[in-house]
Ligand code: F6R
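In the numbering used here, the protein residues as written are 26 to 637.
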């Protein structure tokens, strides 16, 4: 939600900032803006709409300077418009601010500042920060004024500030919204996310909540809100710049779908030894998992696609490790008054590691004495740092708003976790365990095989592209697949309504909607409930629904139950959600493409939901 950039260096800043913003646009694309400091003072350009409008404005009237801020917005307070676009400035245009988050007490602050004579231009919560610092800077040096202003804010913020009165410094701070510092050669950055700065540096300093940074070209000086110095060395991130580029694909989503075999392989790397039949974790993870009590209860919390991965994890962990598992939407969990204790492990699943509801759930769990285990893709993210142990998915940066490779890597990580716990607790026959360990090792190859079905999936998508309502149905391990398939489609193709259901639940209501030609996607891969799914298909066909069936290769009987058939490699049911994910993602992609949808930047969405 909102991407922010700050840059101080030797070159002309506007090119660097616009390039960094282009890599953050997945965080929001309602409007964009830039502020550059030069000998004339602060120059600001803002434009409604996507970043390309801002790029045009800067091309028409170039900006010169070696220090500046940039912002790409996902609106919270104030509609998307030029006037509400960031950066926001104080009364005299000498202070500029970019912000991601929500200043919850902006109304009383604004009222006070209006009484003190400040003139506001926008409807945003952010503008109060610029005026507040302006007011406080009448009595205090700028850094102190910034710190005092932050102390007055309630809510979440990642904020960067420049002032014409301090032309060699940028100030930044975070509280419950992501912000990293990049340290380059004679240049330094603030950014919401690492991909923004990968083209210039891989040396990154992760910030904690309540930290304030004064940034010069030599790097950061970090202090706490109270002014105490903080020492922290940069870490070198392993992601490379190519992973944050489209690499010849028309969309990030398609590129990321195609990266899945490699991403899963990375997630398994050094953790699975199929030859010896072993799952290997690092010492911290082992110590955490080995310390779980015999009566341990697991509670998985997550949002959106990560929630669907959690539902798959519930089937895996309950069936193979025989542990009790609840799965909760993080946004419900945090307000439900869950019963947690020291025999509870909360498993937080998150790609970004910054999702506000999941982070709040993690904090609640810790307050109540539960342990927290994270499955996370972003090193140094808030959730990774708050957790007692982390199992990283090594999917690489996921840029498309629609999550694809992060999902299959989350399911892979859950498979690893399940196999480790099942073995540790001696809940699984050795032969079955060995089969599953070996099967997991085969998953990357089979994912590649599933991807080879792309032309056939594209043809099926073309056949149904004009439909406006879809059901997705599955059972057991593939009930979450049905939810995920429907989410993918409605997310990137806003013309379409798609709903996922447990196939056995159809006759309890939703079947009433089925009409001639209504497309229903069934996941009918090899499983103990295969025949039950076939019955569900026939119930729908009896009402003239049009069945698109995803089935296992080699299934000789399925053809006669399907109006359109897509096959995936046959696996144990345990791995089938990963196999099913591939055609579900490609189907959504090609239906959206045929409808001319903006696939990487669907309306109203943004990646990384860092506000409530
Ligand atoms: C869907 C999607 C979202 C995220 C959700 C959680 O394609 O991307 O539903 O899965 O916002 O995000 P993370 O995993 O970053 O916590």
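Virtual Cβ for every residue (Gly too), placed ideally from N, Cα, C.
Computed from a predicted structure; not experimentally measured.
Inset, instruction - Identify every residue that forms a DSSP beta bridge with residue 494. - result: Start at 1 with the first residue of the chain shown, and residue 494 comes out as number 469. Paired residue(s): 522.
Legend entry - residue 125 - containing beta strand (DSSP E), residue span: Here residue 125 is taken as the residue at index 100 of the chain shown, counted from 1. That run of the beta strand (DSSP E) goes 120–128.
Legend entry - Buried versus exposed, by CB contacts within 10 Å (16 or more), residue 200: As a first step, residue 200 is located in the chain shown; it is residue number 175 there, counting from the start. So residue 200 ends up on the buried side.
Legend entry - residue 583, buried or exposed, once every other Cβ within 10 Å from all chains shown has been counted against 16: Here residue 583 refers to the residue found at position 558 when the chain shown is read from its first residue. Taking all protein chains in view, the Cβ of residue 583 is crowded by 16 or more other Cβ atoms within 10 Å, so the residue is classified as buried.
Legend entry - Selection from 279, 190, 180 that minimises the alpha carbon distance to residue 235: Numbered from 1 along the chain shown, position 210 holds the residue referred to as residue 235. Restricting attention to 279, 190, 180, the CA atom closest to the CA of residue 235 is found in 180.
Legend entry - Extent of the continuous beta strand (DSSP E) to which residue 232 belongs: Residue mapping note: residue 232 aligns to position 207 of the chain shown, counting from 1. From DSSP, residue 232 is part of no beta strand (DSSP E); its letter is neither H nor E.
Legend entry - Endpoints, alpha helix (DSSP H) assigned at residue 168: Here residue 168 corresponds to residue number 143 of the chain shown, with the count starting at 1. Unbroken alpha helix (DSSP H) run through residue 168: 167–177.
Legend entry - For residue 496 and residue 522, the rounded distance between their alpha carbons: Along the chain shown, read from residue 1 onward, the residue named residue 522 stands at position 497. Along the chain shown, read from residue 1 onward, the residue named residue 496 stands at position 471. Residue 522 and residue 496: Cα-Cα distance of roughly 9 Å.
Legend entry - Sequence-distant residues of its chain with Cβ nearer than 7 Å to residue 177 (five each side left out): What you label residue 177 is simply residue 152 of the chain shown in a count that begins at 1. 134, 157, listed in sequence order.
Inset, instruction - Would you kindly check if the distance between the Cβ of residue 334 and the Cβ of residue 444 is under 8 Å? - result: Against the chain shown, residue 444 aligns to sequence position 419. Against the chain shown, residue 334 aligns to sequence position 309. Their beta carbons are not under 8 Å apart, which means residue 444 does not touch residue 334 by this criterion.
Inset, instruction - Drop a sphere of 10 angstroms on the beta-carbon of residue 227, count the other beta-carbons inside from all chains shown, and report buried for 16 or more, exposed for fewer. - result: For the purposes of this step, residue 227 is identified with residue 202 of the chain shown, where counting begins at 1. Buried, because 16 or more other Cβ atoms sit within 10 Å of the Cβ of residue 227.
Legend entry - Exposed unless 16 or more other CB atoms sit within 10 angstroms - verdict on residue 347: As a working note, residue 347 is residue 322 in the chain shown. Flag for residue 347 reads exposed.
Inset, instruction - Indicate whether the contact test is met: 3 or more Cβ pairs, each with one atom in the segment 368–379 and one in the segment 464–476, closer than 8 Å. - result: No, they do not touch.
Legend entry - Nearest neighbour of residue 91, chosen from 585, 76, 42 [CA to CA]: Locating residue 91 in the chain shown gives position 66, where the first residue counts as 1. Selected option, being the one with the closest Cα: 42.
Inset, instruction - Compute every distance between the C-beta of residue 375 and the non-hydrogen atoms of the ligand F6R, then say whether any falls below 7 Å. - result: Locating residue 375 in the chain shown gives position 350, counting from the first residue. In this structure, the C-beta of residue 375 approaches the ligand F6R to less than 7 Å from one of its heavy atoms.
Legend entry - Three-state class that DSSP yields for residue 565 in the structure shown: Taking the first residue of the chain shown as position 1, residue 565 is located at position 540. Here DSSP, grouped into helix, strand and coil, assigns residue 565 to helix.
Legend entry - N-terminal and C-terminal residue of the beta strand (DSSP E) that residue 97 is part of: By 1-based counting over the chain shown, the position of residue 97 is 72. Judged by DSSP secondary structure, residue 97 falls within the beta strand (DSSP E) whose first and last residues are 92–98.
Inset, instruction - Say yes only if the C-beta of residue 28 is nearer than 7 Å to one or more non-hydrogen atoms of the ligand F6R, and no if none qualify. - result: The residue given as residue 28 occupies position 3 in the chain shown. Result no, Cβ not under 7 Å from the ligand F6R.
Legend entry - Complete runs of the beta strand (DSSP E) confined to the segment 403–449 [at least 3 residues]: For the segment 403–449, whole beta strand (DSSP E) runs of length 3 or above, ordered along the chain, are 414–417.
Legend entry - Which residues DSSP lists as bridging residue 69, in chain order: Position 44 of the chain shown, counted from the first residue, corresponds to residue 69. In the DSSP output, where bridge partners are listed per residue, residue 69 has 60.
Inset, instruction - Could you spell out where the beta strand (DSSP E) holding residue 322 opens and where it closes? - result: To locate residue 322, count along the chain shown from 1; it is residue 297. Annotation for residue 322: the continuous beta strand (DSSP E) segment containing it runs 322–327.
Inset, instruction - May I ask whether a heavy atom of the ligand F6R can be found less than 7 Å away from the beta carbon of residue 212? - result: Within the chain shown, numbered from 1, the residue matching residue 212 stands at position 187. For the ligand F6R, not one heavy atom lies less than 7 Å from the Cβ of residue 212.
Inset, instruction - Go to residue 624, then tell me how far its beta strand (DSSP E) extends in each direction, as first and last residue. - result: By one-based count along the chain shown, residue 624 stands at place 599. Taken as a continuous stretch (DSSP letters only), residue 624 belongs to no beta strand (DSSP E), as it is neither H nor E.
Legend entry - Of the listed residues 380, 50, 38, 75, nearest to residue 212 (C-alpha basis): Working through the chain shown from its first residue, we reach residue 212 at position 187. It is 38.
Inset, instruction - Could you check what DSSP says for residue 599 in three-state terms: helix, strand or coil? - result: Residue mapping note: residue 599 aligns to position 574 of the chain shown, counting from 1. For residue 599, the secondary structure class from DSSP, reduced to helix, strand or coil, is helix.
Legend entry - Exposed unless 16 or more other CB atoms sit within 10 angstroms - verdict on residue 277: Position 252 of the chain shown, counted from the first residue, corresponds to residue 277. Answer is buried; the Cβ neighbour count reaches 16.
Inset, instruction - Compute every distance between the C-beta of residue 330 and the non-hydrogen atoms of the ligand F6R, then say whether any falls below 7 Å. - result: Walking along the chain shown from the start, residue 330 turns up at place 305. Correct: residue 330 has its Cβ closer than 7 Å to the ligand F6R.
Legend entry - Segment contact, 8 Å Cβ cut-off, at least three pairs: the segment 416–431 with the segment 281–300: Counting Cβ pairs under 8 Å, three or more are found: they touch.
Inset, instruction - Compute every distance between the C-beta of residue 512 and the non-hydrogen atoms of the ligand NAD, then say whether any falls below 7 Å. - result: The ligand NAD is absent from the structure shown, which contains only the ligand F6R.
Inset, instruction - Can you say whether residue 217 is buried or exposed, counting buried as having 16 or more other CB atoms within 10 angstroms of its CB? - result: As a first step, residue 217 is located in the chain shown; it is residue number 192 there, counting from the start. Looking at its Cβ environment, which holds 16 or more other Cβ atoms inside 10 Å, residue 217 is buried.
Legend entry - Beta-carbon spacing of residue 608, residue 519 below 8 Å: Counting from one through the chain shown, the residue named residue 608 turns up at place 583. Counting from one through the chain shown, the residue named residue 519 turns up at place 494. Result no, Cβ atoms of residue 608 and residue 519 do not sit closer than 8 Å.
Legend entry - Per DSSP, cross-strand counterpart(s) of residue 215: Start at 1 with the first residue of the chain shown, and residue 215 comes out as number 190. Partner(s): 31, 206.
Legend entry - Nearest neighbour of residue 587, chosen from 605, 610, 562, 604 [CA to CA]: As a first step, residue 587 is located in the chain shown; it is residue number 562 there, counting from the start. Per the Cα distances, 562.
Inset, instruction - Return yes when the C-beta of residue 516 is under 7 Å from any heavy atom of the ligand F6R, and no when it is not. - result: Against the chain shown, residue 516 aligns to sequence position 491. For the ligand F6R, at least one heavy atom lies less than 7 Å from the Cβ of residue 516.
Inset, instruction - Compute the beta-carbon to beta-carbon distance between residue 329 and residue 138, rounded to the nearest angstrom, for a pair I have assumed lies under 8 Å. - result: On the chain shown, residue 329 is found 304 positions in, with the first residue counted as 1. On the chain shown, residue 138 is found 113 positions in, with the first residue counted as 1. Contact flag wrong, Cβ pair sits at about 37 Å.
Legend entry - Range covered by the beta strand (DSSP E) that runs through residue 547: Translated into the one-based positions of the chain shown, residue 547 becomes position 522. Here the beta strand (DSSP E) through residue 547 covers 544–549.
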